[in-house]
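Structure first, commentary second.
Below you can see the structure in the form of structure tokens.
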């Protein structure tokens with residue numbers, strides 16, 4: 054049975070900033086990717102789904118979920 058991913062919550066202000074980073078053309082690709090991962094995790098998307106959506110390793114998603122959750 055797969056483990057359930059830790060849920061994370063973000064403030065309205067943090068969500069707005071992350072959305073700006075994702076949408077801005079001048080945002081470095083890596084930063085935009087991390088912002089999108091955090092937004093997806095906050096929306097309840099599983100690590101596996103987010104990894105497929107972003108074409109990254111599932112461990113990358115887990116890492117950013119954990120980092121944001123501990124912030």
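Numbering (the working numbering), first residue to last: 54 to 124. Ideal placement from N, C-alpha and C gives every residue a C-beta, glycine not left out. Given the structure is predicted, the values throughout are model-derived calculations rather than measurements.
Just how far apart, CA to CA, sit residue i and residue j?
| i | j | result |
| --- | --- | --- |
| residue 49 | residue 119 | Since the displayed the chain opens at 54 and closes at 124, residue 49 lies outside it and no answer follows. |
| residue 114 | residue 79 | 23 Å |
| residue 68 | residue 103 | 17 Å |
Buried or exposed for residue i, going by 16 or more other Cβ atoms inside 10 Å?
| i | result |
| --- | --- |
| residue 71 | buried |
| residue 97 | exposed |
| residue 77 | exposed |
Just to check my reading of the structure: residue i and residue j have Cβ atoms closer than 8 Å, yes? What is that Cβ distance to the nearest angstrom?
| i | j | result |
| --- | --- | --- |
| residue 95 | residue 65 | Wrong, their Cβ atoms sit about 11 Å apart, outside the cutoff. |
Exercise. How do the segment 103 to 116 and the segment 84 to 94 stand: do at least 3 beta-carbon pairs fall below 8 Å, yes or no?
Worked result: Output reads yes: the segment 84 to 94 touches the segment 103 to 116.
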